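Heads up: the structure comes next, in structure tokens.
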Amino acid sequence: MEFTFAMSVGVLTTAGIYLMLRAQTFPVILGLTLLSYAVNLFLFASGRLTVNGAAIVGHSQAYADPLPQALVLTAIVIGFAMTAFVLILAIRARSDLGNDHVDGRELPPERSAMEDALANRIEKNQARQNRSRKKPANHQQAQQNNVKRKPT
Amino acid sequence: MNVFWILLLPLAGILLPVLFARFGRTVSAWLTALMPALALGILLQHATEVFSGEVSVFSIPWVPLLGLNLSLHLDGLAFLFCLLILGIGLLIILYARYYLSESDNMALFYAYLLFFMSAMLGVVLSANLLQLWLFWELTSISSFLLISFWWHKSEARKGARMALTVTGAGGLALLGALLMIGHVAGTYELREILAMGDVLRNSEHYPVILTLFLLGAFTKSAQFPFQFWLPHAMAAPTPVSAYLHSATMVKAGVFLLARFYPVLADTEAWFVAVSLTGMATMLLGAYIALFKHDLKGLLAYSTVSHLGLITLLFGLGTRLAAVAAVFHIINHAVFKASLFMAAGIIDHESGTRDMRKLNGLWKYMPYTATLAMVAASSMAGVPLLNGFLSKEMLFTETLNQSTLGALSWWIPLLTTAGGAFAVAYSLRFMHDVFFNGEPIDLPKTPHEPPRYMRVPVEVLVVVCLLVGIFPHFMVGDLLAAASAAVLQADLPVFSLAIWHGFNFPLLMSALAVLGGLTLYINRRHLFGFQMQFADRDAKYMFEEQVQKLIARVTTLHKWLDNGSLQRSMFLLILLALVVSAAPLFDLLDAIGTHPQLPINWVVGFCAGLMVAATFVTLWWSHLRLVALIALSVVGLIVSIAFAYFSAPDLALTQLSVEVVTILLFLLALFFLPQKSPVIDSNLTTIVRDFSVAALFGSVIGTICYAMLTRPLDSISDYFVANSKSGGGGTNVVNVILVDFRGFDTLGEITVLGIAALGIYKLLAQILLYMPSADNKGYRWSKERHPFLLAVVSQSLLPLALLVSAYIFLRGHNMPGGGFIAGLITAIALIQQYVAHGVVWMKERMPINYLGLIASGLFIATLSGLGSWAFGRNFLTTWFDHYHLPLVGEFELASAMVFDFGVYLTVIGATLLILANLGKLTTSERLKAGDD
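Structure follows, in structure tokens:
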């Protein structure tokens, strides 16, 4: 049993590390998720393996070690937060840099025709927004000019 | 308490010149002098008590666990140094008032000067090793500021950098020595350590301590081979040179030798190392001084030489030599400070310091010339002046020692030679500058300085004369008290008379004077001889080394980090592989003695399935949906593993997190490129990466196996035993989370909240590519919210909420708790988002998730703070059992409030992330200015 467990941790680590060395963000995030499974299992293993021994007082004779379990429980939740953060970071990087390379290289963006059309539309929208923003700015300038004209 | 004020007053005085700078230079100078003068007054009050051998001690415990206390003591040695620092410091303040020009920022100069003065007082007064080191470093820093005071000059910047590098490196060595002394002695209090000399000398660490200690002392006191920084520190304004580089800071090194003399001296290693270094420094300094054309350069090397002389005396190994060393510290400070000030006057009034141009100044400034010549004669060791007395004591002691065994006769011989060079360069200072023809194109016509600029020189020269003529009356008590403090033992009998009759030391003095005269008369030949050697400037050599080092480090850094994260990741993993694999070679066998569980076919099947799913994820990572499905299979089997190996809480958490994660991935797929350009299809890279990954995986697997098969010695028995009685719950994992390690959990939910906030910021103002069709050209389904899903999920919602409430409530005693309940609630709500859309949800549930996170954290913190109201530690829980009709017996615990905070934070964070990502494609998305 112990051997199977250790082997599974090893396999998860291998796949996680390999994927983390890829150049695109999506495989890297997959790798990170696999690696966090491996890490959680590894940490859990530091309490050794116990069957039918949940750490609930009065339920069994030989308790599993509860301390690694408590540590891993929070690790799972924080691992989720980390995965989510990296995932959103990848989305943001893609939207800011136009590609999904982990080095943030400025590669020529790969767009479908649809995406092109959409990006055009967004640019147009922004241009329109900028125009509408300029108006109050002009107004302010006019006011300043007025002020200047006043004798001091 | 009084001792404390000696240190505190100058420290407080730093502010005065800065605050009152606008009242003019004279007012500024007077105010600067005020605090040191008060401190000097307090110091002199202690005089009788110090001379009678008493030691005032002042101590406040600060970090007693680290042995770090604010301790001050005032014994003879500290008294002597305080007197020098404050007395000469006051003269320097007066002198600097006239030396600095209108364009210099005098307030800043005075502030730096007082900063240095306080640091120096701290060094000599400290009775705690760590505190001593702190002030020691402050002297380095403040002297850096003072040397670079004319920072517009390149040489000032270079000199300051060099001084800081050398003395700073020495300071690190000293820290090592002091920590080791503290370790061996078991205390950092100097008064206790002074009595433990034998313990330290017999310690096995003594050689290392001595080496590090001497490195610290020698770099500070510019001893060979670290003498090169001192002449370049002369780029400082002359008051600084007079104060730091003759009277005080460079004396800190010899002060250290004196202070630790009773602890570290009296061994062969000390005598040989200290005496040889001192001898080499003395000869080298005296020789080079003769050839310097720069007035301050000559004085700088003569300072190096005299510091070597003092060091030599500490290394001679007789008690009288230590007395002579203390005596020479006083004498050198007095005559060298006055010489520097005289050199500053000459520079100030004639515009140059070059001795090839400065000739025959006697005609222009006879008064200053007289003063300078008296001081220079003292430096040469002419009778009736203080320098003669200590030099005579030196000669006597060189004859009485046996430091080098049969070769000990080298020492008097070489010392006499050094004395001859001292006479020669003193003669050069006197004759070249004040006589020897007419001045050669000076920038200014020299004249006498302002009246008060001369006063400090006059005072010091009068001291030279008085000490030289009435030594016993002037410094007898002071010397006795200081020497007693250095020796920490009975004082040897010494006589401070001017005349000891015709004896060997007198002969040596005479020889030195004659030799000096001969050297000076034949100086042209000597200069010709010296010209044959290549002139090397330590400043440029040092700078070159620094530049080379920086270039090398930059190259290394560029090689390590060329901007590619992918490459950095690879290197990091390679390093981790080496580090984690290396210890495995020492392990005899991977398998240990811990009994193993038998394997059954269910586990085998699950493990096989997981390995297969892992490889599917790996192999088809470019087919994103396939990879995701395989990933979720892995996650499910991980949660089954947790359930099987007696961790029901983990299984529940993993299961619910799995759902949220996969949902998040599915949402993200929409925004990431559907088809990535194949960048790393290079087969070599793939094979290389896979090999490293496989090696790493096998190492981790082996470590895991080795760990699993070894017996466990856990601290958890305490938690199991106290879970019910102390925490009021039977589910030990949950009790650890909310009670035993509640503070950790509070930190962890804070991290969760911060991550969610980060995501919130990343999503605001994002410019998205939103394809309206997939990469094969199929448009998305028009039916955005399937009717069937809407109906089913809506009816499931109350059920899901009920389950989460149940899981939450039973969490303390059975598997469950805030984390799991929060995730279940979050999933139930996300399902509604999926089924009905953002707008529908917003109408029915207008909840601000940021507020939810904040209130969760607030409640959790408040429940922790609550225990303070009952006089308990932060996050101590309270619980009791109650009975209600119908419900039966139940338990209330304050840990539940904490768990409720966890519950709210988890819901808030999860929904903040998923809902905002889901909203991106809709009109509800975060826009500019939403944050």
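Those sequence lines, one after another, are chains A and B.
Reading the first sequence from the start, the letters are residues 1 to 152 in this note's numbering.
Reading the second sequence from the start, the letters are residues 1 to 931 in this note's numbering.
Using N, Cα and C, we set each Cβ at its ideal position, and we do this for glycine too.
Predicted model only: the values in this text are computed from it and were never measured.
Inter-residue spacing [alpha-carbon to alpha-carbon] between residue i and residue j
i      : j      : result
B:T415 : B:L571 : 59 Å
B:L145 : B:W151 : 9 Å
B:A242 : B:F340 : 5 Å
B:D930 : B:E843 : Residue placement at B:D930 is flagged as unreliable, the pLDDT there being 45, under the threshold of 50; the coordinate-derived value follows with that caveat. Cα-Cα distance, rounded: 19 Å.
B:L11  : B:L80  : 20 Å
B:G635 : A:Y37  : 7 Å
A:Q143 : B:T922 : The pLDDT assigned to A:Q143 is 46, lower than 50, so where the model puts this residue is not dependable, and the model offers no usable value.
B:W30  : B:F23  : 11 Å
B:Y520 : B:S495 : 33 Å
B:G515 : B:L507 : 12 Å
B:M234 : B:A217 : 20 Å
B:H945 : B:H46  : Nothing in the structure corresponds to residue 945 of chain B, since chain B is present only between 1 and 931.
A:F3   : A:N40  : 17 Å
B:G856 : B:L577 : 41 Å
B:H881 : B:A869 : 21 Å
B:A37  : B:F271 : 39 Å
A:R149 : B:G351 : For A:R149, the predicted structure reports a pLDDT of 43, less than 50, and the residue's modelled location is therefore unreliable. The matter cannot be settled from this model.
B:E349 : B:M279 : 37 Å
B:A755 : A:F85  : 7 Å
B:L737 : B:G864 : 13 Å
Cβ distance (whole Å) where residue i is taken to contact residue j below 8 Å
i      : j      : result
B:A33  : B:L90  : 6 Å
B:I147 : B:A163 : 6 Å
B:M373 : B:Y95  : Actually they do not touch by this definition, with Cβ atoms about 19 Å apart.
B:A812 : B:V720 : The sequence given here has His at residue 812 of chain B, not Ala. Incorrect: roughly 15 Å between the Cβ atoms, too far for contact.
B:G76  : B:A482 : 4 Å
A:F5   : B:L708 : 7 Å
B:A247 : B:I141 : Between B:I141 and B:A247 the Cβ distance is about 19 Å, and since that is not below 8 Å, they are no contact.
B:L290 : B:F429 : 10 Å between Cβ atoms; not a contact.
B:M956 : B:L9   : Residue 956 of chain B falls outside the range modelled here, since chain B spans only 1 to 931, and no answer is possible.
B:I85  : B:P239 : Incorrect: roughly 14 Å between the Cβ atoms, too far for contact.
B:V457 : B:S338 : 5 Å
B:W878 : B:A860 : Their Cβ separation, rounded to whole angstroms, is 15 Å, which puts B:W878 and B:A860 out of contact at 8 Å.
The beta strand (DSSP E) enclosing residue i, as first and last residue numbers
i      : result
B:F395 : Not the beta strand (DSSP E): B:F395 falls in the alpha helix (DSSP H), residues 386 to 399.
B:L74  : 68 to 74
B:E891 : 888 to 893
B:D880 : 879 to 884
B:F671 : Neither: B:F671 is in no beta strand (DSSP E) and is coded neither H nor E.
B:S495 : No beta strand (DSSP E) holds B:S495; DSSP gives it neither H nor E.
B:P61  : 56 to 63
Neighbour list for residue i in chain E, Cβ cutoff strictly below 8 Å
i      : result
B:N682 : Structure shown: chain E not included; protein chains present are A and B.
Range covered by the alpha helix (DSSP H) that runs through residue i
i      : result
B:V2   : Note that residue 2 of chain B is Asn in the sequence shown here, rather than Val. Segment 2 to 13, the alpha helix (DSSP H) holding B:N2.
B:A860 : 849 to 869
B:H183 : 154 to 185
B:D198 : 197 to 201
B:P207 : 206 to 220
B:L618 : 601 to 619
B:H232 : 229 to 232
B:S580 : 565 to 581
A:R94  : 66 to 97
Note to self: Does the contact criterion of 3 or more C-beta pairs under 8 Å hold for the region 97 to 117 of chain B versus the region 349 to 366 of chain B?
What the structure shows: No contact exists between the region 97 to 117 of chain B and the region 349 to 366 of chain B.
Item checked: Touching by the beta-carbon criterion (3+ pairs, under 8 Å), the region 81 to 99 of chain A and the region 23 to 42 of chain A -> Output reads yes: the region 23 to 42 of chain A touches the region 81 to 99 of chain A.
Next item on the list: Count the C-beta pairs between the region 844 to 856 of chain B and the region 898 to 917 of chain B that are closer than 8 Å, then say yes if the count reaches three, no if not.
Entry: The region 898 to 917 of chain B and the region 844 to 856 of chain B touch, with three or more beta-carbon pairs separated by less than 8 Å.
Checklist line | Every unbroken alpha helix (DSSP H) inside the region 795 to 841 of chain B [4 residues or more] | finding: With a minimum length of 4 residues, the continuous alpha helix (DSSP H) runs that stay inside the region 795 to 841 of chain B are 818 to 836.
Check: Which full runs of the alpha helix (DSSP H) of 4+ residues lie inside the region 305 to 380 of chain B, going along the chain?
Finding: 319 to 350, 366 to 380, all fully within the region 305 to 380 of chain B.
Item checked: Start-end ranges of the beta strand (DSSP E) lying completely within the region 7 to 37 of chain A, minimum 3 residues -> Here no run is fully enclosed.
Note to self: Suppose only complete runs of 4+ residues qualify. What are the alpha helix (DSSP H) ranges in the region 399 to 475 of chain B, listed by chain order?
What the structure shows: If we require 4 residues or more, the alpha helix (DSSP H) runs fully inside the region 399 to 475 of chain B come out as 410 to 434, 451 to 469.
Check: Counting Cβ pairs, one atom from each stretch, are 3 or more of them under 8 Å apart for the region 49 to 61 of chain A and the region 8 to 17 of chain A?
Finding: They do not touch, by the three-pair rule.
Check: So does the region 521 to 538 of chain B actually touch the region 381 to 398 of chain B, counting three or more Cβ pairs closer than 8 Å?
Finding: Segment contact: the region 521 to 538 of chain B against the region 381 to 398 of chain B, fewer than three CB-CB distances shorter than 8 Å; contact not assigned.
Checklist line | Whole runs of the alpha helix (DSSP H) within the region 100 to 144 of chain B, excluding any shorter than 4 residues | finding: The qualifying runs are 106 to 125.
Checklist line | Entirely enclosed alpha helix (DSSP H) segments - the region 690 to 760 of chain B, minimum 4 residues | finding: Counting only runs of 4 or more, we get 716 to 722, 732 to 735.
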